[in-house]
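Numbering (our numbering), first residue to last: -11 to 368.
Yeah, the Cβ is synthetic: ideal placement off N, Cα and C, and Gly gets one too.
Everything numeric in this text was worked out from a predicted model, so none of it was measured.
Step one of this worksheet: look at the structure below.
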Amino acid sequence: MAACSEEGIMEDGNAQLGLGADGDDIEPAASNEPSDSGIAAGIYESSDQQGHKGDITDRLHADDLAQSWMDEAQGVPQVHCLVRVGFKTDLGVVRENNEDKFDLLEPADPGFLAVKGRFYGVADGMGGHSAGQIASELALKTVIQRYFRDPSPHIIDSLRQAINEANKLVFDTAQLIPERQGMGTTLTVAVLREDRLTLAHVGDSRAYLVSGEHARQITHDHSLVAEQVRAGTITAEDAANSPLRNIILRSIGTGPIVEADFYEEIVHVGDVLVMCSDGLTGHVSEEEIAEYVGSPQARRRGPSMAAYRLVDLANSRGGRDNITVVIVEIASINPYVVDVPATASADTRPVILEEADHTLFAVHSAPPDAESDIDPSGTA
């Protein structure tokens, strides 16, 4: 287990499993069977000692996922990426609660990495009475569970199925509880398998790829003003100042069906993936993201400092929304070396010549105002 300070800094390589948004252990679901209401398994209502029902959330069944890796792992990767990861989420200046969420999960088993890869995700919830926080929590945890439980090596198919289940879960929960009606969330997730990056996207959170000192937005916003910009009816500057800029055309949980966009990229050494909520991009330009992440000085400081500085920049300009950023730097890409001893029998598993601490098994559910830096390569 990782020891986490109040600021959420991870002090060792294994993040604490099964944490709720406030850091408390998540209670198990009462049943693994779907309820009569049609809500998928894994949902529970917590109660305090007086019997008052608390917020609905979803348990991340970490032990089950770990066992599935042992059952499903096959082969080894052809190449192995070493990454440095930094992340931070913040209330901003105006909001009183944080409806943003990020998660990451990095299996250490080489066989499972070859099939499912590493997972990173950002969600920005919406809805009153803390419903947005519930929506982002449900969506990200459900996608992680469903994606990693699916033994298929087809990443897009697995992500699409996981996102559809998350959408149904959030939508059904909103229909069941009057206070949650209308809740939803954006969702931007990335899977890094070997040197290929696959992204799934719904809403107006964003993913950028920084190469050198140039940033390129990978995802397309599902917002009214973004559609107007693409149609040529308004400029990007008009969109940034439009009173309609918060109107989202596609989100998780606001309808019974959702369509996600998918993107694929080949990454190279030095490339940096930046995933963020619109609390960042509402104040910080693409060029500034490139500078704060890709400049020589920023690279020396590392992804964690870059995430911290980007959030500070957004807050200095008003911080009108929650702000979340996840940064994944490709530190190196090397052939994955496998050595089979000459005396090995046909059914002997290969010896993997790879240090165990080069990758992490990490699950992180970030509380507000959390920041951290994961460095599987062992370098600062």
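Coil, strand or helix - residue i by DSSP
i, result
"Tyr324", "coil"
"Ile254", "strand"
"Gly113", "strand"
"Glu182", "coil"
"Leu237", "coil"
"Ala344", "Residue confidence for Ala344 is low, a pLDDT of 33 falling below 50, so the modelled location carries little weight and cannot support an answer."
"Ser230", "coil"
"Ser211", "strand"
"Gly307", "coil"
"Leu70", "strand"
"Arg218", "helix"
Local Cβ density within 10 Å of residue i, reported as buried at 16 or more and exposed below that
i, result
"Glu275", "exposed"
"Ala219", "exposed"
"Leu175", "buried"
"Gln66", "exposed"
"Gly172", "buried"
"Ile14", "In this prediction, Ile14 has a pLDDT of 32, which is less than 50 and means its spatial position is unreliable; what the coordinates show is noted afterwards. Ile14 comes out buried."
"Ile235", "exposed"
"Thr161", "buried"
"Asn229", "exposed"
"Asp138", "buried"
"Asp145", "exposed"
"Pro323", "exposed"
"Val316", "buried"
"Asp209", "buried"
"Ile245", "exposed"
"Glu84", "exposed"
"Ala248", "buried"
"Leu126", "buried"
"Gly243", "exposed"
Own chain, CB closer than 7 angstroms to residue i, minus 5 neighbours either side, in chain order
i, result
"Gly80", "Gly267, Asn303, Gly307, Arg308, Asp309, Asn310 and Ile311"
"Ile206", "Leu187, Ala195, Tyr196, Leu197, Tyr251 and Glu253"
"Asp183", "Val67, Cys69, Ile254, Val255 and Ile321"
"Ala278", "Val198, Glu201, His202 and Ala203"
"Ser124", "Glu87, Asp88, Lys89, Ala111, Asp112, Gly113 and Thr173"
Close-in-space but distant-in-sequence residues of the same chain around residue i (CB under 6 angstroms, 5 per side omitted)
i, result
"His271", "Ala302 and Arg305"
"Asp112", "Asp88, Thr174, Ser193 and Ser265"
"Ile222", "Gln216"
"Ile143", "Val179 and Thr186"
For residue j and residue i, believed in contact at Cβ under 8 angstroms, the rounded distance
i, j, result
"Val73", "Leu185", "Rounded, the Cβ-Cβ distance is 14 angstroms, inconsistent with contact."
"Arg168", "Gly115", "7 angstroms"
"Val262", "Lys76", "Between Lys76 and Val262 the Cβ distance is about 12 angstroms, and since that is not below 8 angstroms, they are no contact."
"Phe107", "Ile132", "6 angstroms"
Contact set for residue i: own chain, Cβ-Cβ below 8 angstroms, skip 5 residues either direction
i, result
"Gly282", "Val198, Ser199, Gly200, Glu201, His202, Ala203 and Val260"
"Ala224", "Val217"
"Arg238", "Val190, Gly191, His210, Val246 and Glu247"
DSSP bridge partner residues for residue i (one or two, in chain order)
i, result
"Gln205", "Tyr196"
"Asp97", "In the DSSP output, where bridge partners are listed per residue, Asp97 has none listed."
"Lys129", "Answer by DSSP bridge pairing: none, since Lys129 is not bridged."
"Asp91", "Gly109"
"Met263", "Ala195 and Val314"
"Phe136", "DSSP, once it has assigned bridges, lists no residue as partnering Phe136."
"Ala188", "Val177 and Phe250"
"Val64", "Looking at the DSSP assignment, Val64 forms no beta bridge with any residue, so it has no partner."
Heavy atom of the ligand ATP within 7 angstroms of residue i beta-carbon
i, result
"Ser124", "Here there are no bound small molecules, and the ligand ATP is not part of this structure."
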